[in-house]
Amino acid sequence: MRIHNDTCAATTEFDSVMRNYEGLARLVTQLGSTPPEIAAEVTPLEKAVNQRLRVLVELQREVAALQSSELQQTLSPALIVPLHRPHC
Numbered sequence: 021m022r023i024h025n026d027t028c029a030a031t032t033e034f035d036s037v038m039r040n041y042e043g044l045a046r047l048v049t050q051l052g053s054t055p056p057e058i059a060a061e062v063t064p065l066e067k068a069v070n071q072r073l074r075v076l077v078e079l080q081r082e083v084a085a086l087q088s089s090e091l092q093q094t095l096s097p098a099l100i101v102p103l104h105r106p107h108c
């Protein structure tokens, strides 16, 4: 449950920062150049986007590891094959 909550929070934060970053990119495109006030905002937003993206990737790895572990726990008993068969 913690991973689910963390993933939801990280996704929301990433979406918010990404929207801000995309908004600045659109504004720069419309202006045709980057005013100093906007240029000063780009680097912190890029860092925020990258940091939140790293958090999301790490959470995805945790989810994949948990799913793999749960799958192994579910399948392992069913896949056990006896090593010796009794001779009849």
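FYI, the working numbering numbers position 32 of the sequence shown as 52, with every residue one higher than the one before it.
All C-beta atoms in this analysis are idealised placements derived from N, C-alpha and C, irrespective of residue type, glycine included.
Among the options, which one has its Cα closest to the Cα of residue i?
{"i": "Thr31", "options": "Val75, Ala84, Glu82", "result": "Val75"}
Have a look at residue i and residue j and give me their C-alpha separation to the nearest angstrom.
{"i": "Val48", "j": "Val77", "result": "29 Å"}
{"i": "Thr27", "j": "Val69", "result": "15 Å"}
{"i": "Val37", "j": "Arg46", "result": "14 Å"}
{"i": "Lys67", "j": "Ala59", "result": "13 Å"}
Can you have a look at residue i and say buried or exposed, based on whether 16 or more other CB atoms are within 10 angstroms of its CB?
{"i": "Arg72", "result": "buried"}
When you compare the CB positions of residue i and residue j, do they come within less than 8 Å of one another, or not?
{"i": "Leu44", "j": "Leu65", "result": "yes"}
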